[in-house]
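K.L.:
The numbering used here puts the sequence shown at residues 326 to 409. Structure below; questions to follow.
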Amino acid sequence: MVDDRDRLKLDLPTDGESDPNPLWFKIVMFGFMIAGLAWILVFYISSARYPLGGAVPGLNIGNWNILVGFGIAMIGFMMTTRWK
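Set out below in structure tokens:
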């Protein structure tokens, strides 16, 4: 027969790693991935005028927009390593 002490040991999680992620984590993770993709698509569709291209004279970063878009998306992809 199992006594109460053994039952309590089975019910309690051993560490914090087994807890599922909150809903906001998934929303932010997919948000970063979609925002990065949208940044790159806007850059290509607008013929390098937006988001920070020729249409914004003081902030023209040119083809570095691709790196910015991939950087934003990579934040989302790195978050997937912590998704449970």
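Note that CB positions come from ideal geometry on N, CA and C, so glycine has one too.
How should Ile397 be labelled, buried or exposed, when 16 other C-beta atoms within 10 angstroms of its C-beta is the threshold for buried?
P.N.:
buried
K.L.:
Check whether the Cβ atoms of Asn385 and Pro376 lie closer than 8 angstroms to each other.
P.N.:
no
K.L.:
Using DSSP with H/G/I as helix, E/B as strand and the rest coil, what is Asn346?
P.N.:
coil
K.L.:
Work out the CA separation of Phe350 and Leu366 for me, nearest whole Å.
P.N.:
One alpha carbon belongs to Leu366, the other to Phe350, and they sit about 24 angstroms apart.
K.L.:
Could you check whether Trp364 and Gly394 sit closer than 8 angstroms to each other, using their CB atoms as the reference points?
P.N.:
A contact, by the Cβ cut-off of 8 angstroms.
K.L.:
If we require 4 or more residues per run, which alpha helix (DSSP H) segments fall completely within the stretch 366-390?
P.N.:
None, since the stretch 366-390 contains no complete alpha helix (DSSP H) of that length.
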